[in-house]
Amino acid sequence: MEILLSILGSLASIGGAIWAYVQARRSKTFAEQAKTVRDELVERRKTIEVSKVHSETARILRLVSKVGPTCTSTSVKTIRCHEIAQEVEEYTRLLNEQSSHFTHVLDSQARKLCGDLKEDIVGLAEAIDFESKKKFGTSIYYKIDDFMPLVKMVFDEKKERQPIVAS
Numbered sequence: 000m001e002i003l004l005s006i007l008g009s010l011a012s013i014g015g016a017i018w019a020y021v022q023a024r025r026s027k028t029f030a031e032q033a034k035t036v037r038d039e040l041v042e043r044r045k046t047i048e049v050s051k052v053h054s055e056t057a058r059i060l061r062l063v064s065k066v067g068p069t070c071t072s073t074s075v076k077t078i079r080c081h082e083i084a085q086e087v088e089e090y091t092r093l094l095n096e097q098s099s100h101f102t103h104v105l106d107s108q109a110r111k112l113c114g115d116l117k118e119d120i121v122g123l124a125e126a127i128d129f130e131s132k133k134k135f136g137t138s139i140y141y142k143i144d145d146f147m148p149l150v151k152m153v154f155d156e157k158k159e160r161q162p163i164v165a166s
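Here numbering that gives the first Met the number 0 is used: position 39 in the sequence shown is 38, and no number is missing along the way.
As structure tokens, then:
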């Protein structure tokens with residue numbers, strides 16, 4: 000009887016070990032799936048934030064174009080350049096805030112752009128005559144326009160890395 004109980008106990012112990020092993024493998028699989036989902040969510044958040052930079056860059060270009068290369072002395076008369084300068088200043092803050100989502104090259108270009116825009120922002124905010132408004136507006140426009148392809152490239156790369164979700 001003791002031998003039978005010993006054998007049953009050993010079998011139960013082996014069965015428990017097998018059960019624990021199976022559960023451990025399932026737990027590992029679930030943990031890996033959770034990590035994958037978390038990584039996808041982080042990547043989607045970064046894509047959304049880069050998308051925000053892309054759309055904000057396009058918006059700022061449209062806004063600055065009012066005092067950019069094609070503006071005329073007539074069209075600039077009613078424009079409040081200090082408001083445009085404030086918008087560009089907010090844009091540079093957004094770039095600095097979101098630069099962690101950029102590649103190293105784009106991050107350095109974003110920082111360079113922000114530095115290059117400082118004098119132009121002040122100049123546009125203080126501009127009174129048409130020539131000054133056009134000079135600073137055009138400078139801002141071309142600097143941001145040169146930066147746009149880099150933002151678009153990062154945005155496209157982030158979109159392309161997004162997994163396709165089947166419904």
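Using N, Cα and C, we set each Cβ at its ideal position, and we do this for glycine too.
Cβ pair residue i, residue j closer than 7 Å
i, j, result
"F135", "D119", "yes"
"C113", "L94", "yes"
"K157", "V49", "yes"
"E89", "L62", "no"
"F154", "H53", "yes"
Cβ-based neighbour list, residue i, same chain, cut-off 7 Å, excluding 5 preceding and 5 following
i, result
"L149", "L105, Q108"
"S26", "none"
Residue i burial status per 10 Å Cβ neighbour count (16 or more: buried)
i, result
"G67", "buried"
"S138", "buried"
"F29", "exposed"
"I59", "buried"
"K117", "exposed"
"A16", "exposed"
"T46", "buried"
"T102", "exposed"
CB contact check: residue i to chain C, cutoff 7 Å
i, result
"E125", "Protein chains in the displayed structure number just one, and chain C is not present."
Spatial neighbours of residue i in its chain, beta-carbon cut-off 6 Å, leaving aside the 5 residues before and after
i, result
"S131", "none"
message = Quick check: the stretch 63–83 against the stretch 111–129, are at least 3 beta-carbon pairs closer than 8 Å?
response = They touch, by the three-pair rule.
request  = Could you say if the stretch 57–77 and the stretch 31–40 meet the contact criterion of at least three C-beta pairs nearer than 8 Å?
outcome  = In this structure the stretch 57–77 does not lie against the stretch 31–40, because fewer than three pairs of beta carbons, one per stretch, are closer than 8 Å.
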